[in-house]
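What follows is a single structure, written as structure tokens, with notes after it.
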Amino acid sequence: MGVDDVPLDDKAKRMRDLLSSFYSPDPSMSSPDTTSSSSKRTTLDDINSSSFDPDQYMNLLVQKSNLERLLQRHVEMAAEIKNLDTDLQMLVYENYNKFISATDTIKRMNSNIVGMESNMEQLLEKIMSVQSRSDGVNTSLFEKREHVEKLHRTRNLLRKVQFIYDLPARLGKCIKSEAYADAVRFYTGAMPIFKAYGDSSFQDCKRASEEAMAIIIKNLEGKLFSDSESIQTRAEAAVLLKKLDFPMESLKARLLDKLAQSLADLQLNTEEISNASVDPKDLSQEEKSQLIKLSQGVVTKHFEAIEEYVKKRICSTELLHVLRIIWTDVLLMDEVLDEAALPNYSLEAAKVAVKQYVASTFSRLLHDISDSLTRVHVKQKEGMREYSLQTALEASKKAVLQGSMDVLLDFRQIIEDNLELLVQLKPLIIDLVQEGFQDFFGALDDHFLLLSGGNNSVSQDQGFVEGTQVDKAFAGLVLVLAQLSVFIEQTAIPKITEEIAASFSGGGARGYEHGPAFVPGEICRIFRSAGEKFLHLYVNMRTQRISLLLKKRFTTPNWVKHKEPREVHMFVDLFLQELEATGCEVKQILPEGLRRHRRNDSNGSTNSSRSNPLREEKLSRSSTQRARSQLLETHLAKLFKQKIEIFTKVEYTQESVVTTVVKLCLKSLQEFVRLQTFNRSGFQQIQLDIQFLRTPVKEIVEDQAVIDFLLDEVIVNASERCLDPIPLEPPILDRLIQAKLAKTRDQNPVTP
Amino acid sequence: MQGTSSGIGYGLKYQARCISDVKADTDHTSFLTGTLSLKEENEVHLIRLSSGGNELICEGLFSHPNEIWDLASCPFDQRIFSTVYSTGEAYGAAIWQIPELYGELNSPQLERITSLDAHVGKIKCVLWWPSGRNDKLISIDEETLFLWSLDCSKKVAQVQSQESAGMLHNLSGGAWDPHDMNAVAAISESATQFWDLRTMKKTNSIERAHIRNIDYNPKKKHILVTAEDESGIHIWDLRKPKVPIQELPGHAHWTWAVKCNPEQDRLILSAGTDSTVNLWLASPSTSDEFTAESLLDSPTRRIDPLLSSYSDYEDSVYGIAWSSREPWIFASLSYDGRVVVETVKPLLSKK
Numbered sequence: 001m002g003v004d005d006v007p008l009d010d011k012a013k014r015m016r017d018l019l020s021s022f023y024s025p026d027p028s029m030s031s032p033d034t035t036s037s038s039s040k041r042t043t044l045d046d047i048n049s050s051s052f053d054p055d056q057y058m059n060l061l062v063q064k065s066n067l068e069r070l071l072q073r074h075v076e077m078a079a080e081i082k083n084l085d086t087d088l089q090m091l092v093y094e095n096y097n098k099f100i101s102a103t104d105t106i107k108r109m110n111s112n113i114v115g116m117e118s119n120m121e122q123l124l125e126k127i128m129s130v131q132s133r134s135d136g137v138n139t140s141l142f143e144k145r146e147h148v149e150k151l152h153r154t155r156n157l158l159r160k161v162q163f164i165y166d167l168p169a170r171l172g173k174c175i176k177s178e179a180y181a182d183a184v185r186f187y188t189g190a191m192p193i194f195k196a197y198g199d200s201s202f203q204d205c206k207r208a209s210e211e212a213m214a215i216i217i218k219n220l221e222g223k224l225f226s227d228s229e230s231i232q233t234r235a236e237a238a239v240l241l242k243k244l245d246f247p248m249e250s251l252k253a254r255l256l257d258k259l260a261q262s263l264a265d266l267q268l269n270t271e272e273i274s275n276a277s278v279d280p281k282d283l284s285q286e287e288k289s290q291l292i293k294l295s296q297g298v299v300t301k302h303f304e305a306i307e308e309y310v311k312k313r314i315c316s317t318e319l320l321h322v323l324r325i326i327w328t329d330v331l332l333m334d335e336v337l338d339e340a341a342l343p344n345y346s347l348e349a350a351k352v353a354v355k356q357y358v359a360s361t362f363s364r365l366l367h368d369i370s371d372s373l374t375r376v377h378v379k380q381k382e383g384m385r386e387y388s389l390q391t392a393l394e395a396s397k398k399a400v401l402q403g404s405m406d407v408l409l410d411f412r413q414i415i416e417d418n419l420e421l422l423v424q425l426k427p428l429i430i431d432l433v434q435e436g437f438q439d440f441f442g443a444l445d446d447h448f449l450l451l452s453g454g455n456n457s458v459s460q461d462q463g464f465v466e467g468t469q470v471d472k473a474f475a476g477l478v479l480v481l482a483q484l485s486v487f488i489e490q491t492a493i494p495k496i497t498e499e500i501a502a503s504f505s506g507g508g509a510r511g512y513e514h515g516p517a518f519v520p521g522e523i524c525r526i527f528r529s530a531g532e533k534f535l536h537l538y539v540n541m542r543t544q545r546i547s548l549l550l551k552k553r554f555t556t557p558n559w560v561k562h563k564e565p566r567e568v569h570m571f572v573d574l575f576l577q578e579l580e581a582t583g584c585e586v587k588q589i590l591p592e593g594l595r596r597h598r599r600n601d602s603n604g605s606t607n608s609s610r611s612n613p614l615r616e617e618k619l620s621r622s623s624t625q626r627a628r629s630q631l632l633e634t635h636l637a638k639l640f641k642q643k644i645e646i647f648t649k650v651e652y653t654q655e656s657v658v659t660t661v662v663k664l665c666l667k668s669l670q671e672f673v674r675l676q677t678f679n680r681s682g683f684q685q686i687q688l689d690i691q692f693l694r695t696p697v698k699e700i701v702e703d704q705a706v707i708d709f710l711l712d713e714v715i716v717n718a719s720e721r722c723l724d725p726i727p728l729e730p731p732i733l734d735r736l737i738q739a740k741l742a743k744t745r746d747q748n749p750v751t752p
Numbered sequence: 001m002q003g004t005s006s007g008i009g010y011g012l013k014y015q016a017r018c019i020s021d022v023k024a025d026t027d028h029t030s031f032l033t034g035t036l037s038l039k040e041e042n043e044v045h046l047i048r049l050s051s052g053g054n055e056l057i058c059e060g061l062f063s064h065p066n067e068i069w070d071l072a073s074c075p076f077d078q079r080i081f082s083t084v085y086s087t088g089e090a091y092g093a094a095i096w097q098i099p100e101l102y103g104e105l106n107s108p109q110l111e112r113i114t115s116l117d118a119h120v121g122k123i124k125c126v127l128w129w130p131s132g133r134n135d136k137l138i139s140i141d142e143e144t145l146f147l148w149s150l151d152c153s154k155k156v157a158q159v160q161s162q163e164s165a166g167m168l169h170n171l172s173g174g175a176w177d178p179h180d181m182n183a184v185a186a187i188s189e190s191a192t193q194f195w196d197l198r199t200m201k202k203t204n205s206i207e208r209a210h211i212r213n214i215d216y217n218p219k220k221k222h223i224l225v226t227a228e229d230e231s232g233i234h235i236w237d238l239r240k241p242k243v244p245i246q247e248l249p250g251h252a253h254w255t256w257a258v259k260c261n262p263e264q265d266r267l268i269l270s271a272g273t274d275s276t277v278n279l280w281l282a283s284p285s286t287s288d289e290f291t292a293e294s295l296l297d298s299p300t301r302r303i304d305p306l307l308s309s310y311s312d313y314e315d316s317v318y319g320i321a322w323s324s325r326e327p328w329i330f331a332s333l334s335y336d337g338r339v340v341v342e343t344v345k346p347l348l349s350k351k
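Protein chains in written order, with UniProt numbering: chain G, 1 to 752; chain D, 1 to 351.
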């Protein structure tokens, strides 16, 4: 054995093992009564058992072994005892060391605190003296301060009185210089004083200033109603009048009258032009071109206003309204000036405006959808569970479908309007809408990709999402995207296509050689592939996490020196936990698939392999009887089996996704096992873990045969990589599993 | 996409992981492969493709003392190769010489030239410089990188230098740059590290976790290919180690190995644990002129990079090797010990 000359760190490790086994909850669990039950299987480890009977053990040893073996046993035991002794000594020594250092520390702390008390007292004393001095200063200065304050108040009062007396003169000055705003400000400032003392001391002053104010009001009124003044000054005058509590009602009525009149004037203006130029030919060329320029200027201004307008969120009726106003104007002008070709000119301008309108509508739609998606994101980050994936999916579905339907409705209103301008634009609009949808879905796809974070080669030109982009999309969002893509492909696109066919057919302004701008087939294809991609991404993200878990599990321990299995390893719990989380997410998003029993309906070759009698028999047997003969059976079964299709296509159902995740993980498990070499106990541990996994995993998947196959594969591979592949006895296996089940039940008694 | 099964098969007795092209054999297309059996007696097979190209012949069958985890043929002497083996508990590496055969098969004793004994950890692989005669050899274990100077005639290998990659890095493999005798790439848990053998210092790294396998492009300098567990295959330009030039989807399960074709710089072969071997054609943007515009116009001509998928395997495929003599031929080895040699010529002529 050579226990004597183990290197030091080996010793330390051993010590740790000893300690951990000492503190583990129920050490007798793994090998409870091996000594009494079977006299054959006595191993060194039994000494550690609680029910160890030294006499019996001695008898057994003496009876069974010859002298040589006994001697050898003696040497071994001596070495071990020595070893334990040193361990013990070392532990005691270390404990003592720590105790001494702790005492030292406490001593030091104590001495430090003693010094502190006197310091604190000193500090308190000083603070007290500072306080008393500051009080002294305060009281000595108090009187003077009072006096100063009083003087200040008097001075303020005097200043106010002075102001009142000066007011009439000041107002007069303001009238002269037409600084009405200042005048109003002064007057309103003095108003409260006049109200309080106007009948007594300041009577004269009040009268004089009121007179001045009457003049000001008159002047302001005059300003308000004079056309020659600029609009700004008129507005100012109105504001000032309001400040002076002038009766606004009558003012408004008069003003409106005036405005109506001027509007009539404006309309007349165009007619005036026609009147003035009864025969336009009479006009000189120069004058005409000037007129044309002027009218075109008017139209451009109009459309510029529209563009501004479009930037805000408006609906089509508003746009229509505005267009109609412009068109009537244009027609009016056209009657007079047909050389200006105003209709054509405005047609061009309208084209631009409509284009812009369409573009902005679509970009807004995209924004809405991304908003409803990223909301999940943010909420999830904040750890709020109530905004579940399901609601996110529903919201974004609605955003897509309802949004595009609204957009279509909007455009239909525009198209169905009989305004001449729009009738001419109809083919263009139709093309624009079709093109718009095509581009929109392309952009939506790109946006999805960006959200999923799966593709770092997506170009960065989509500026508007950069703020929302996060390096790592979380798995749930990817799943939502996958299902949303399917929804778009299967529901939204056909509906939109239908709608477009009904009311937006026959565009063709850009020539038929290009075909229709909106190609639903292509978009469907894009989203189908996108959906698949997202689904794969989701599966990948989920398996990656579990893979990491498995990797840690398999690369950390030294499998060649593994100890006898005591219980199901806790990685199984973590594994099941991850699966549960996946299942929870999937349940929110994906539809439930038909639960198919693949054992009966799979395709030809694999079918025969799975239903071979050996396997059926094995499955029907109770799990307790299984373990022993399992190895042989699985080997045999494998011989008769054809290649099993592990990696089938993922479908959009809960079961399919979960099954795929499980399959991938079990395959990973198998690969990790293949990379290790096990001793007997290591193999038994794997056997135990896998046996435990069997039931819960099979509950959540749709294709149990494949899972069985994969689990068996793991055990077979472990046995192949094992130096001494003797499986655990079925009763022990069963007991360990039952113990684990009982433990889980204890931990969460709510769930049955 | 399913490749028609034109493959020529050959069966090993036990499970196996590694296969290597015998590059120095200029007269025949041959491969070396070794078995991985914990309890049985392991074998090294020297396989030769018959002159007609329709049969695999066993040219030599030698017993090997332990299970073989890595095997590499010497690129300048066809009778020399290296193995990494495990006794179950400990790992070792050795250089072997195939004895003169004189046409007989029954000379099962391999001649051990030397053992690479300086390792303490789990040895992962032994690397030869792929581009010609070089008296140096690299071996990588979990923590350390060793540079050996090998003298085959005197049968000695001496450690020339060694450097630890750090305790936590857990090296798992590597590749030697065919364009630069002093550059080697080593895969660690969290990144791929690039070492300069003269100074034994790290020069560069690609920060990417879970890489399984790596191969330099033998035709283009600075270009290399990595295989990852879940996220497929990536092509990198060493001058821009932040972002891969191209991504290929890889396999349904882990992508275990990648190999660049020795002649066609765009052809990449990959093997996966989903029991398939995939043949890829990388987009031509792997050239030096890689810039943003190649990314921008790529969506318009998004051709499927997967040329063919060979799925006629019963188990995970861990070993693949291009033949350097006939670069349109490759050999693949699945875990159940089946060697399949395929030709990609019909696919290439189509292009």
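Every residue gets a Cβ at the ideal spot worked out from N, C-alpha and C, and that includes glycine.
These numbers come from a predicted model, not from an experiment.
> Using CA coordinates, which residue listed in D/Leu147, D/Tyr85 and D/Trp254 is at the minimum distance from D/Met123?
Replying inline: Residue identity check: residue 123 of chain D is Ile in the sequence provided, not Met. Closest option to D/Ile123, Cα to Cα, is D/Tyr85.
> Name the chain G residues that come within less than 7 Å of D/Thr273, Cβ to Cβ?
Replying inline: Lys667 and Glu671
> Does DSSP classify D/Ser82 as helix, strand or coil?
Replying inline: strand
>> Can you give me the C-alpha to C-alpha distance between residue 772 of chain G and D/Ser309, rounded to a whole angstrom?
In response: For chain G, the structure presents residues 1 to 752; residue 772 of chain G sits outside this window and is missing.
>> Any beta carbon of chain D sitting closer than 8 Å to that of G/Asn97?
In response: no
> At a Cβ threshold of 8 Å, is residue 352 of chain D touching chain G?
Replying inline: The requested residue 352 of chain D is not part of the displayed model; chain D covers only 1 to 351.
> Along the region 533-553 of chain G, what residues have a CB closer than 8 Å to any CB found in chain D?
Replying inline: Asn540, Thr543, Gln544 and Ser547
>> Buried or exposed for G/Gly115, going by 16 or more other Cβ atoms inside 10 Å?
In response: exposed
> Helix, strand or coil for D/Ser139 per DSSP?
Replying inline: strand
> Looking at the unbroken alpha helix (DSSP H) that takes in residue 778 of chain G, where does it start and where does it end?
Replying inline: Residue 778 of chain G is absent from the structure shown; chain G starts at 1 and stops at 752.
>> Under 8 Å, Cβ to Cβ, is there at least one residue of chain G near D/Leu168?
In response: no
>> For a quick check, are the C-beta atoms of G/Ile216 and G/Ile175 less than 8 Å apart?
In response: yes
>> Tell me the rounded alpha-carbon separation between G/Arg745 and G/Leu688.
In response: 19 Å
> If we count the other Cβ atoms within 10 Å of its Cβ and call it buried at 16 or more, is G/Ser609 buried or exposed?
Replying inline: Confidence at G/Ser609 is low in this model, with a pLDDT of 35, below 50, so its placement is unreliable and the value that follows should be read with caution. With 16 or more other Cβ atoms within 10 Å, it is buried.
>> Can you check whether the C-beta of D/Trp129 is within less than 8 Å of a C-beta belonging to chain G?
In response: no
>> Quick check on G/Arg153: buried or exposed, where buried means 16 or more other Cβ atoms within 10 Å of its Cβ?
In response: exposed
> Can you tell me where the beta strand (DSSP E) with D/Gly250 in it begins and where it stops?
Replying inline: That residue, D/Gly250, is in no beta strand (DSSP E); it is neither H nor E in DSSP.
> Can you list the residues of chain D that G/Glu720 reaches, using a CB-CB cut of under 8 Å?
Replying inline: Gln15 and Leu38
>> Helix, strand or coil for G/Cys722? Go by DSSP, reduced to three states.
In response: strand
> Is G/Leu664 near D/His253, with beta carbons less than 8 Å apart?
Replying inline: yes
>> For a contact defined as C-beta to C-beta under 7 Å, what are the partners of D/Asp229 on chain G?
In response: Ser547
>> Check for me: the alpha helix (DSSP H) holding G/Asn83 runs from which residue to which?
In response: Leu67 to Ser177
> Since G/Phe647 meets chain D, which of its residues come closer than 8 Å, beta carbon to beta carbon?
Replying inline: Ala252, His253 and Asp274
>> Looking only at its chain, what residues have a beta carbon closer than 7 Å to the beta carbon of G/Val697, apart from the 5 residues adjacent to it on each side?
In response: Val662 and Ile707
>> Which of the three DSSP states is assigned to G/Asn59 in this structure?
In response: helix
>> Need the endpoints of the beta strand (DSSP E) that D/Cys260 sits in, please.
In response: Thr255 to Cys260
>> So, at 8 Å on beta carbons, what are the nonlocal neighbours of G/Leu240 in its own chain, with the 5 sequence-adjacent residues on each side left out?
In response: Tyr180, Ala181, Val184 and Leu220
> Between D/Cys152 and D/Ile113, what straight-line distance do the alpha-carbon atoms span, to the nearest angstrom?
Replying inline: Computed Cα separation, rounded: 7 Å.
> Quick one, which residues of the region 204-229 of chain D are near chain G if we go by CB-CB under 7 Å, in chain order?
Replying inline: Hits within the stretch, in order: Asp229.
> How would you label D/Glu293, buried or exposed, when you count the other beta carbons within 10 angstroms and need 16 or more for buried?
Replying inline: With a pLDDT of 40 at D/Glu293, under the threshold of 50, the predicted position of this residue should be treated as unreliable, and no value is reported.
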